[in-house]
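Worksheet: one structure, shown below.
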């Protein structure tokens, strides 16, 4: 059977790669074409377009790149038509994917969504588009099932969070070996800096994160370079001997880190699952922030706090994200009761995420439903 998968970010590439592997287990004849990244390609997907070509962050950045976005949409529709898949699988990336889903449903393709659009955070009226255009939805956050089924009467399947499997598959780094290979200090405890994966956000965040390094000379601050950006991009931030760098080795770094400063997003949950105390950071350009705060209705911006429905990790947002506050909040989690409270809450968080096997559950469900649908076409009653 033929599968067309669309993911538009680094996290989608990770979860898409694990899904591809499981689809190939469930369907040994699977032919898969995809939008994603190096991981999805390595897992066996035929890559139509790399997510690096689609990484636009924030409302203003999207407006400035509308031409490229519309060209991508046109290319995607033509590519799907040429491939003629048995099913489309959308992974997060809602602004793009919901547009493709509308067209796909109109022309008769089967549509599945894995990792729900975050309509519980903003623009909840998109539920009508989802009901109209999506055949099956697989959600990964525990509160999403109640949101869709109880509030909006749209059946979904909760499969657990794929990060549980992704992290379990990572072997712990050997401390001294990893440090030596990446030119890190052999003795200082590490503070991981996770500034995001898009150029716009990394530039905003790293100057702020690095502004506190002189307050903590006994720690080494290590930038986690994203696979979507070249090493040369980070060179201007590496002129201090107390700043280290690793490229595409975030999990290995978190496995050794004492604390972390993390840009809001999936990375906050990854950091929590590694049991690393963190401060969550977020700053957008003024226009994007003014728009966002008017349409986003959530109490928190980090997945950790959203899932736990309480402030487990400190969130420094927009003007609150400054050197003084970063220094204060980082000091709290390096040692003392705040550090212990976070790690204890992380244990409770892990239990809420539904255990391992998300990719396997999704693949089994998609393949089973697709086989039944194709059988009905062959043998209608």
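In my numbering, the protein residues as written are 14 to 394.
Idealized CB from N, CA, C, for every residue including glycine.
* Could you check the C-alpha separation between residue 261 and residue 194 for me, to the nearest Å? => As a working mapping, residue 261 is identified with position 248 in the chain shown. As a working mapping, residue 194 is identified with position 181 in the chain shown. The straight-line gap from Cα to Cα measures roughly 14 Å.
* Within the stretch 129-204, ranges of the beta strand (DSSP E) (whole runs, at least 3 residues) -> 149-152
* Give every residue of the same chain whose Cβ lies closer than 6 Å to the Cβ of residue 210, excluding the five residues on either side of it in the sequence, and list them in chain order. => Along the chain shown, read from residue 1 onward, the residue named residue 210 stands at position 197. If we look at residue 210 and ignore the five residues flanking it on each side, its Cβ neighbours are 23, 239 and 241.
* To do: Report yes or no: do three or more beta-carbon pairs, one from the stretch 265-272 and one from the stretch 189-203, lie closer than 8 Å?
  => yes
* Asked: Under a three-way DSSP split, which group does residue 102 fall into?
  -> Counting from 1 along the chain shown, the entry for residue 102 is found at position 89. DSSP places residue 102 in strand when its eight states are reduced to three.
* Asked: Can you name, in chain order, every residue of its own chain whose Cβ lies under 7 Å from the Cβ of residue 282, other than the five neighbours on each side?
  -> Numbered from 1 along the chain shown, position 269 holds the residue referred to as residue 282. Taken in chain order, the residues that qualify are 176, 316 and 317.
* Could you check what DSSP says for residue 58 in three-state terms: helix, strand or coil? => By 1-based counting over the chain shown, the position of residue 58 is 45. Note: residue 58 maps to coil in three-state DSSP.
* Three-state secondary structure (DSSP) at residue 46? -> Your numbering for residue 46 matches position 33 in the chain shown. If DSSP states are grouped into helix, strand and coil, residue 46 belongs with the strands.
* Evaluate residue 390 with the Cβ neighbour count: other Cβ atoms within 10 Å of its Cβ, from every protein chain shown; 16 or more gives buried, anything less gives exposed. => The residue labelled residue 390 in the question sits at position 377 within the chain shown. So residue 390 ends up on the exposed side.
* Asked: Nearest to residue 222 by alpha carbon, out of 202, 256, 244 and 246?
  -> Counting from 1 along the chain shown, the entry for residue 222 is found at position 209. Nearest of 202, 256, 244 and 246 to residue 222, Cα basis: 256.
* Simplified DSSP state of residue 18, which is helix, strand or coil -> For the purposes of this step, residue 18 is taken as residue 5 along the chain shown, with counting starting at 1. Strand at residue 18.
* To do: Could you spell out the range, first to last residue, of the alpha helix (DSSP H) harbouring residue 229?
  => Here residue 229 corresponds to residue number 216 of the chain shown, with the count starting at 1. Residue 229 -> no alpha helix (DSSP H), and no H or E assigned at all.
* **Separation of residue 141 from residue 166, as counted between CA atoms** => As a working note, residue 166 is residue 153 in the chain shown. As a working note, residue 141 is residue 128 in the chain shown. One C-alpha to the other measures close to 11 Å.
* To do: Measure the Cβ-Cβ separation of residue 273 and residue 293 and say whether it is below 7 Å.
  => Here residue 273 refers to the residue found at position 260 when the chain shown is read from its first residue. Here residue 293 refers to the residue found at position 280 when the chain shown is read from its first residue. Contact flag unset, no.
* **For residue 291, the residue or residues it bridges with in DSSP** => As a working mapping, residue 291 is identified with position 278 in the chain shown. Per DSSP, 273.
* To do: Just confirm the distance between the C-beta atoms of residue 173 and residue 147, as a whole number of angstroms; I'd bet it's less than 8 Å.
  => Position 160 of the chain shown holds residue 173. Position 134 of the chain shown holds residue 147. Their Cβ separation, rounded to whole angstroms, is 20 Å, which puts residue 173 and residue 147 out of contact at 8 Å.
* May I have a chain-ordered list of the alpha helix (DSSP H) segments no shorter than 4 residues that lie completely inside the stretch 299-380? => 299-308, 316-321, 336-347 and 350-365
* Asked: Taking buried to mean at least 16 other C-beta atoms within 10 Å of its own C-beta, is residue 277 buried or exposed?
  -> Walking along the chain shown from the start, residue 277 turns up at place 264. Buried is the call here.
* To do: Determine the direct distance from the alpha carbon of residue 171 to that of residue 94, and round the result to whole angstroms.
  => Within the chain shown, numbered from 1, the residue matching residue 94 stands at position 81. Within the chain shown, numbered from 1, the residue matching residue 171 stands at position 158. For residue 94 and residue 171, the distance between alpha carbons rounds to 30 Å.
* Asked: Would the beta-carbon of residue 60 be found less than 6 Å away from any heavy atom of the ligand COA?
  -> Ligands in the displayed structure: none, and consequently the ligand COA is not present.
* Can you grab the Cα-Cα spacing for the pair residue 218 / residue 132, in whole Å? => Counting from 1 along the chain shown, the entry for residue 218 is found at position 205. Counting from 1 along the chain shown, the entry for residue 132 is found at position 119. Rounded to whole angstroms, residue 218 to residue 132 spans 26 Å at the Cα level.
* **N-terminal and C-terminal residue of the alpha helix (DSSP H) that residue 110 is part of** => Within the chain shown, residue 110 is the residue found at index 97, counting from 1. Start and end: 107-120.
* According to the Cβ coordinates, are residue 235 and residue 203 closer than 7 Å? -> For the purposes of this step, residue 235 is taken as the residue at position 222 of the chain shown. For the purposes of this step, residue 203 is taken as the residue at position 190 of the chain shown. Against a cut-off of 7 Å, the Cβ pair of residue 203 and residue 235 comes out as a contact.
* With a 10 Å radius around its C-beta and 16 neighbouring C-beta atoms as the bar for buried, classify residue 103 as buried or exposed. => Taking the chain shown and counting its residues from 1, one reaches residue 103 at position 90. Under this definition residue 103 is a buried residue.
* In the DSSP assignment, find the beta strand (DSSP E) that holds residue 257 and state where it starts and stops. => The residue you call residue 257 lines up with position 244 of the chain shown. Here the beta strand (DSSP E) through residue 257 covers 256-260.
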